[in-house]
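Colleague: Those protein sequence lines, which keep their order, are chains A, B, C and D. If you want our numbering, it's the position in the first sequence, counting the first as 1, plus 25. If you want our numbering, it's the position in the second sequence, counting the first as 1, plus 25. If you want our numbering, it's the position in the third sequence, counting the first as 1, plus 405. If you want our numbering, it's the position in the fourth sequence, counting the first as 1, plus 405. Each residue gets a CB set at the ideal place from its N, CA and C atoms; glycine is no exception.
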Amino acid sequence: MKHKKVRVLSKKIFNGKYVELFFENRFDSIPQPGQFVHIFTGGAFMRRPLSIAGYSPEKIRIVFQIKGPGTKKLAELSNGTKIDILGPLGNSFPGIEKQQKIYLVAGGIGIAPILFVADKFIQSGNDFKILYGARTKNDLLDFLLPEGNYKKIISTDDGSAGEKATVIEILTKEILKEKPDIIFSAGPFAMLKSLGLLCAKENIDAYVSLENVMFCGLGVCQGCVVETTLGYQRVCKDGPVFHNRLIKWK
Amino acid sequence: MKHKKVRVLSKKIFNGKYVELFFENRFDSIPQPGQFVHIFTGGAFMRRPLSIAGYSPEKIRIVFQIKGPGTKKLAELSNGTKIDILGPLGNSFPGIEKQQKIYLVAGGIGIAPILFVADKFIQSGNDFKILYGARTKNDLLDFLLPEGNYKKIISTDDGSAGEKATVIEILTKEILKEKPDIIFSAGPFAMLKSLGLLCAKENIDAYVSLENVMFCGLGVCQGCVVETTLGYQRVCKDGPVFHNRLIKWK
Amino acid sequence: MKKLQIKLSKLKLDTPVLPASGTFGYGDELIDIIDYQYIGAIITKTLTWKENAGNPPPRIWEFQNGLMNSIGLQNIGVRRFYEEKLEILRNLNKTLIVSIGGKNQDDIFKSIEFLSNKKGIDALELNLSCPNIETNKTIAENPDFTFKMLKEARRLTNKVLIAKLSPNVTDICEVGLAAEQAGADILSAVNTFKGLYYDWNREKMYAGGVSGPMIFPMALRMVFELYRKVSIPIIGLGGINSGQKALEMIFSGASAVGIGTSLVIMPDLASRVCQVILDYLNKTRKNFYSVIGSRNEKKH
Amino acid sequence: MKKLQIKLSKLKLDTPVLPASGTFGYGDELIDIIDYQYIGAIITKTLTWKENAGNPPPRIWEFQNGLMNSIGLQNIGVRRFYEEKLEILRNLNKTLIVSIGGKNQDDIFKSIEFLSNKKGIDALELNLSCPNIETNKTIAENPDFTFKMLKEARRLTNKVLIAKLSPNVTDICEVGLAAEQAGADILSAVNTFKGLYYDWNREKMYAGGVSGPMIFPMALRMVFELYRKVSIPIIGLGGINSGQKALEMIFSGASAVGIGTSLVIMPDLASRVCQVILDYLNKTRKNFYSVIGSRNEKKH
Ligand SMILES: Cc1cc2nc3c(=O)[nH]c(=O)nc-3n(C[C@H](O)[C@H](O)[C@H](O)COP(=O)(O)OP(=O)(O)OC[C@H]3O[C@@H](n4cnc5c(N)ncnc54)[C@H](O)[C@@H]3O)c2cc1C
Ligand SMILES: Cc1cc2nc3c(=O)[nH]c(=O)nc-3n(C[C@H](O)[C@H](O)[C@H](O)COP(=O)(O)OP(=O)(O)OC[C@H]3O[C@@H](n4cnc5c(N)ncnc54)[C@H](O)[C@@H]3O)c2cc1C
Ligand SMILES: Cc1cc2nc3c(=O)[nH]c(=O)nc-3n(C[C@H](O)[C@H](O)[C@H](O)COP(=O)(O)O)c2cc1C
Ligand SMILES: Cc1cc2nc3c(=O)[nH]c(=O)nc-3n(C[C@H](O)[C@H](O)[C@H](O)COP(=O)(O)O)c2cc1C
Ligand code: FES
Ligand code: FES
Numbered sequence: 026m027k028h029k030k031v032r033v034l035s036k037k038i039f040n041g042k043y044v045e046l047f048f049e050n051r052f053d054s055i056p057q058p059g060q061f062v063h064i065f066t067g068g069a070f071m072r073r074p075l076s077i078a079g080y081s082p083e084k085i086r087i088v089f090q091i092k093g094p095g096t097k098k099l100a101e102l103s104n105g106t107k108i109d110i111l112g113p114l115g116n117s118f119p120g121i122e123k124q125q126k127i128y129l130v131a132g133g134i135g136i137a138p139i140l141f142v143a144d145k146f147i148q149s150g151n152d153f154k155i156l157y158g159a160r161t162k163n164d165l166l167d168f169l170l171p172e173g174n175y176k177k178i179i180s181t182d183d184g185s186a187g188e189k190a191t192v193i194e195i196l197t198k199e200i201l202k203e204k205p206d207i208i209f210s211a212g213p214f215a216m217l218k219s220l221g222l223l224c225a226k227e228n229i230d231a232y233v234s235l236e237n238v239m240f241c242g243l244g245v246c247q248g249c250v251v252e253t254t255l256g257y258q259r260v261c262k263d264g265p266v267f268h269n270r271l272i273k274w275k
Numbered sequence: 026m027k028h029k030k031v032r033v034l035s036k037k038i039f040n041g042k043y044v045e046l047f048f049e050n051r052f053d054s055i056p057q058p059g060q061f062v063h064i065f066t067g068g069a070f071m072r073r074p075l076s077i078a079g080y081s082p083e084k085i086r087i088v089f090q091i092k093g094p095g096t097k098k099l100a101e102l103s104n105g106t107k108i109d110i111l112g113p114l115g116n117s118f119p120g121i122e123k124q125q126k127i128y129l130v131a132g133g134i135g136i137a138p139i140l141f142v143a144d145k146f147i148q149s150g151n152d153f154k155i156l157y158g159a160r161t162k163n164d165l166l167d168f169l170l171p172e173g174n175y176k177k178i179i180s181t182d183d184g185s186a187g188e189k190a191t192v193i194e195i196l197t198k199e200i201l202k203e204k205p206d207i208i209f210s211a212g213p214f215a216m217l218k219s220l221g222l223l224c225a226k227e228n229i230d231a232y233v234s235l236e237n238v239m240f241c242g243l244g245v246c247q248g249c250v251v252e253t254t255l256g257y258q259r260v261c262k263d264g265p266v267f268h269n270r271l272i273k274w275k
Numbered sequence: 406m407k408k409l410q411i412k413l414s415k416l417k418l419d420t421p422v423l424p425a426s427g428t429f430g431y432g433d434e435l436i437d438i439i440d441y442q443y444i445g446a447i448i449t450k451t452l453t454w455k456e457n458a459g460n461p462p463p464r465i466w467e468f469q470n471g472l473m474n475s476i477g478l479q480n481i482g483v484r485r486f487y488e489e490k491l492e493i494l495r496n497l498n499k500t501l502i503v504s505i506g507g508k509n510q511d512d513i514f515k516s517i518e519f520l521s522n523k524k525g526i527d528a529l530e531l532n533l534s535c536p537n538i539e540t541n542k543t544i545a546e547n548p549d550f551t552f553k554m555l556k557e558a559r560r561l562t563n564k565v566l567i568a569k570l571s572p573n574v575t576d577i578c579e580v581g582l583a584a585e586q587a588g589a590d591i592l593s594a595v596n597t598f599k600g601l602y603y604d605w606n607r608e609k610m611y612a613g614g615v616s617g618p619m620i621f622p623m624a625l626r627m628v629f630e631l632y633r634k635v636s637i638p639i640i641g642l643g644g645i646n647s648g649q650k651a652l653e654m655i656f657s658g659a660s661a662v663g664i665g666t667s668l669v670i671m672p673d674l675a676s677r678v679c680q681v682i683l684d685y686l687n688k689t690r691k692n693f694y695s696v697i698g699s700r701n702e703k704k705h
Numbered sequence: 406m407k408k409l410q411i412k413l414s415k416l417k418l419d420t421p422v423l424p425a426s427g428t429f430g431y432g433d434e435l436i437d438i439i440d441y442q443y444i445g446a447i448i449t450k451t452l453t454w455k456e457n458a459g460n461p462p463p464r465i466w467e468f469q470n471g472l473m474n475s476i477g478l479q480n481i482g483v484r485r486f487y488e489e490k491l492e493i494l495r496n497l498n499k500t501l502i503v504s505i506g507g508k509n510q511d512d513i514f515k516s517i518e519f520l521s522n523k524k525g526i527d528a529l530e531l532n533l534s535c536p537n538i539e540t541n542k543t544i545a546e547n548p549d550f551t552f553k554m555l556k557e558a559r560r561l562t563n564k565v566l567i568a569k570l571s572p573n574v575t576d577i578c579e580v581g582l583a584a585e586q587a588g589a590d591i592l593s594a595v596n597t598f599k600g601l602y603y604d605w606n607r608e609k610m611y612a613g614g615v616s617g618p619m620i621f622p623m624a625l626r627m628v629f630e631l632y633r634k635v636s637i638p639i640i641g642l643g644g645i646n647s648g649q650k651a652l653e654m655i656f657s658g659a660s661a662v663g664i665g666t667s668l669v670i671m672p673d674l675a676s677r678v679c680q681v682i683l684d685y686l687n688k689t690r691k692n693f694y695s696v697i698g699s700r701n702e703k704k705h
């Protein structure tokens with residue numbers, strides 16, 4: 026059963042706005058990067074989807090931004106509280122070959138699923154480069170990234186940390202230097218769209234993790250569809266990870 | 026304006042079930058015993074009516090039992106929180122002459138308005154007797170009564186404190202000993218009904234504070250009526266204090 | 406606040422924010438609770454020809470996001486209202502809307518006739534839709550019935566006539582159009598939704614009318630549909646509990662909004678709603694009238 | 406659990422707790438989410454004759470105590486359902502109800518005819534009331550239309566026929582009676598309420614169907630009214646989110662309950678509802694059938 030009540034194990038709040046939370050791993054299967062949990066927060070009527078941002082046999086990590094009533098309530102939970110989750114849900118970023126040149130591109134809180142991807146690649150010994158952009162220094166969570174031998178390029182909109190540029194501007198420059206074989210990305214829709222169009226033009230395979238309002242999170246309500254070249258596809262079940270060419274960016 | 030936002034000043038919880046709470050007195054008029062405040066608790070859709078259980082120029086006391094979502098939320102408030110109240114609302118127990126023999130009869134959390142009545146009588150130098158019954162020792166709040174030279178008879182349903190009797194049984198006995206001129210009472214409906222019928226038979230003037238589900242608390246919705254010999258009367262505006270003979274007890 | 410003074414048909418309103426009938430008493434009782442400058446007019450609870458005792462209690466049931474009532478039109482009747490209340494209301498210097506209802510048409514017509522020549526009353530709102538009086542269909546559930554009622558009412562009075570519609574219908578536009586064609590000046594939409602509540606203590610079912618935020622999406626839809634079909638202005642109400650929701654109602658097609666349940670619970674809501682509307686007008690540099698129906702379109 | 410095995414018309418249900426069409430996918434997708442022993446039958450999302458893309462997103466809007474959807478009947482169509490799904494569902498060994506709908510009557514009749522001779526399908530539920538397909542009146546908003554639809558459906562199939570009613574009507578009993586008279590075996594009441602949502606970011610109004618706890622009092626009332634007038638059993642649904650509310654629906658007259666929105670949000674709700682019903686039966690020493698309509702009375 027993918028429906029569990031799990032205990033909150035620990036929690037850290039950064040800048041009053043971002044939360045890293047660990048809960049008991051009681052999953053029946055090993056979660057994959059890109060997958061998410063659908064959490065009943067108590068703060069809103071529907072559940073809230075949050076990417077799995079890390080995993081160990083004992084605990085699951087989520088990393089989220091406090092946005093509205095749902096995430097606010099989650100941020101208030103104290104250790105030991107039981108939360109009601111569904112998961113792991115959705116598809117995941119695809120497996121890759123060792124020799125491939127990989128870029129991980131994260132915008133804002135899109136870093137959450139990317140953290141898990143980075144963990145995996147370090148574990149599997151893959152080489153990769155992370156491009157990570159946020160609004161300001163205070164929105165950067167790069168200290169949550171695993172230690173490792175990868176390249177990391179930070180940027181902020183206001184230049185308060187890293188380069189003063191959008192992550193797409195950075196990406197464009199990096200592609201000129203060295204074209205990656207594959208890109209894994211998560212972030213706001215506008216950023217993913219730019220990335221999707223750029224990669225289509227440059228003929229780079231990109232996999233993006235999309236967001237949408239989700240009711241069931243399980244593929245049964247058809248509520249979370251996005252337009253793709255295959256017709257409407259469910260972000261929760263057919264995604265959240267899609268190949269950039271599949272999406273009709275508009 | 027009777028609509029105020031007032032700060033919680035202090036709070037005590039007894040036996041996990043009863044709460045004494047003080048908030049700023051920002052009333053425009055001096056509250057009278059029997060009057061109530063209508064509180065937006067945040068725990069439920071409608072406001073919740075609670076008797077004023079004591080008054081000073083600086084602060085207002087309420088005393089309540091944690092029953093459902095509204096009182097639960099109130100009990101969780103921390104000092105300094107602002108609560109949204111309407112008050113003082115409703116009529117009050119009538120004034121009395123000095124020489125009259127007065128009984129105050131309280132059942133359970135009905136003690137709340139009676140505390141305020143007792144305060145007043147001590148202040149005005151009236152002599153009175155309190156009959157106060159509760160389920161068990163743990164439901165007794167007699168320690169909240171003011172110090173004074175009055176007679177106090179405590180009873181509990183299980184005999185864990187005071188006499189093992191209902192407050193009505195005590196009242197019946199006391200009336201045999203010495204018939205009061207007037208009774209002020211508050212408590213559960215069944216108790217008030219017994220008291221009302223008893224006093225009608227014995228020809229004693231009794232004033233009872235009734236409860237009812239209240240929407241507006243202001244007399245405008247006609248939602249809280251009770252059947253009286255004058256037709257339907259609003260507990261919130263025509264009451265909450267009624268003469269026992271007015272009520273059609275059924 | 407000046408900016409919010411509007412005309413609704415021939416009525417001058419200090420603001421487009423009105424209380425809802427039945428939640429504002431006879432109109433003067435909330436003077437020390439609500440700041441009257443923020444409400445557009447005074448509206449009385451529905452009056453019947455004869456004094457009416459109303460339904461036996463209980464009369465109020467609570468939900469998580471609304472409530473159900475079964476007051477049964479308890480009121481002092483049109484005559485006592487005239488004798489005991491009208492003078493006081495007149496002195497408040499606000500536009501006055503008197504709500505009229507009853508169990509049968511004749512009584513309603515008597516009330517209209519009686520109030521028609523009384524000074525200080527600016528409009529009559531016909532409560533066609535009170536679901537608590539008759540167990541079966543009410544006037545507002547039938548376009549023909551509504552047409553006849555309004556036609557006769559129009560014959561009897563020159564005062565501004567407001568037809569208050571029920572949401573418990575297949576097509577509210579049919580009823581609204583019937584009222585318009587018969588001569589109603591304004592529509593008021595909507596009254597309460599028919600609901601049922603089971604009381605586990607009393608082991609009994611209670612029927613009544615549901616109001617409050619839980620009905621807002623349905624009420625908004627009905628005002629939206631009405632606006633496309635009718636030409637007279639609409640007072641939009643049903644579940645409004647914020648300035649945003651009031652604006653949404655106006656975007657949908659309401660020329661003014663009514664607030665019942667939530668105004669009772671939050672007496673400062675009228676002032677907050679006025680502020681939000683003002684801010685919106687200032688920010689968008691629009692005038693109030695141009696906002697009415699601005700996210701909708703007339704379909705006739 | 407044995408105690409909860411019931412018959413609904415000719416259908417054998419493991420429990421009186423059913424999922425609601427459109428919130429349970431094609432019926433097999435929630436195997437690792439919900440314990441199927443607690444649900445009385447499997448019910449598919451509404452199928453149309455041809456594969457249907459549904460409405461453009463957004464499709465879901467959230468309220469404090471419910472939600473609005475505008476899925477627009479996205480589905481793989483009756484044929485693909487038969488080819489890809491029926492076998493799997495048959496193997497689940499549960500009573501299977503297939504929901505049928507569409508934009509025009511002919512397509513619905515084609516679907517009925519096609520499914521009529523397929524083994525493993527125990528009942529067809531006709532979604533007469535989907536408010537998202539046609540902007541104007543739907544079949545379930547008109548008794549004559551409903552009568553004709555059911556009459557023809559009855560001619561076409563021997564399977565158990567369920568007529569799913571819309572709450573967006575003046576008198577649901579008229580429609581329910583029409584369905585009964587035309588030969589429906591069971592009524593299902595109710596579908597979603599027509600609602601409207603304003604999106605402040607997109608500056609746009611969205612229309613859809615409202616479901617969840619906020620509609621419960623209205624749905625309860627409709628089942629209550631229906632029970633008094635019709636003789637065939639009713640599946641009561643609309644806003645049920647607890648065992649207590651399920652019982653209230655049964656007290657009102659439902660012979661079984663459906664849960665859509667809240668079962669999706671709380672997948673263990675079916676088991677909790679079963680437990681509450683069982684506890685009630687044990688405590689009161691009643692059998693299930695005697696509880697149906699026990700706080701109501703037949704009026705015919
Ligand atoms: C597959 C997936 C994975 C996600 N992973 C993360 C993550 O790891 N960390 C993180 O901070 N956020 C993540 N999100 C976004 C997160 O779900 C929303 O921020 C959250 O639902 C907002 O809820 P709220 O009640 O706090 O705020 P609300 O007030 O409900 O919403 C704030 C904003 O978020 C949008 N939103 C609301 N509900 C959803 C929803 N169900 N899905 C998407 N957007 C929504 C609203 O439209 C609004 O613009 C993810 C979303 C999806 C679909
Ligand atoms: C004039 C007046 C004065 C009161 N004074 C006090 C007091 O000083 N101390 C105290 O503990 N209680 C007092 N009460 C009762 C108090 O209002 C209820 O206990 C409270 O509203 C329960 O709310 P809840 O959300 O905690 O529980 P709920 O779950 O809402 O209710 C628990 C029980 O209380 C009943 N109830 C709910 N709402 C009301 C209401 N508005 N009025 C009356 N009963 C209700 C319900 O029917 C239920 O039986 C007074 C009531 C009235 C009318
Ligand atoms: C307690 C109560 C009493 C009401 N009485 C009347 C009434 O007498 N006449 C009337 O036309 N509407 C009456 N209504 C309906 C309201 O005027 C209003 O149409 C409805 O409640 C929807 O608005 P709201 O959700 O803002 O309350 C009453 C509503 C409530 C809650
Ligand atoms: C997302 C969603 C999709 C729905 N799709 C259908 C459908 O395809 N066919 C149908 O008859 N009802 C559909 N409904 C209505 C439900 O079956 C049910 O009648 C309604 O939601 C009320 O029940 P509830 O409040 O328990 O959800 C849908 C409801 C929701 C929320
Ligand atoms: S949220 Fe229901 S299908 Fe994706
Ligand atoms: S609660 Fe409205 S009149 Fe008393």
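What does a CB cutoff of less than 8 Å around Tyr632(D) pick up in its chain, not counting 5 residues either side in sequence?
Modeller: Ile639, Ser657, Gly658, Ala659, Gly698, Asn701 and Lys703
Colleague: Against Arg626(C), what residues of chain D qualify as contacts under a CB-to-CB distance less than 7 Å, listed in chain order?
Modeller: Lys599, Gly600, Leu601 and Ala612
Colleague: Would you say Arg633(D) reaches chain C, if we count a Cβ-Cβ gap shorter than 8 Å as a contact?
Modeller: no
Colleague: Find the residues of chain C that neighbour Pro463(D), judging by a C-beta separation of less than 9 Å, and give them in chain order.
Modeller: The premise fails here: Pro463(D) is roughly 15 Å from chain C at the closest Cβ pair, so nothing lies under 9 Å.
Colleague: Using a cut-off of 7 Å between C-beta atoms, extract the partners of Leu356(C) located in chain B.
Modeller: No information on residue 356(C) is available, as it lies outside the stretch 406 to 705 that chain C covers here.
Colleague: When burial is assigned at 16 or more other CB atoms within 10 Å of the CB, is Asp164(B) buried or exposed?
Modeller: buried
Colleague: Quick check: is any heavy atom of ligand 1 less than 7 Å from the C-beta of Phe223(B)?
Modeller: According to the sequence as given, residue 223(B) is Leu; it is not Phe. Answer for Leu223(B): no, Cβ out of range of ligand 1.
Colleague: Quick check: is the beta carbon of Gly248(A) nearer than 8 Å to any beta carbon in chain D?
Modeller: yes
Colleague: For chain A, is any of its Cβ atoms less than 8 Å away from the one on Ile438(D)?
Modeller: yes
Colleague: What does DSSP give as the partner residue(s) for Thr10(A) in the beta ladder?
Modeller: Residue 10(A) lies beyond the stretch modelled for chain A, which goes from 26 to 275, so this question has no answer here.
Colleague: Pairs of beta-carbons, one from the segment 54 to 63 of chain A and one from the segment 131 to 147 of chain A, closer than 8 Å: are there three or more?
Modeller: yes
Colleague: Taking the continuous beta strand (DSSP E) assigned at Gln258(A), which residues delimit it?
Modeller: Gly256 to Arg259
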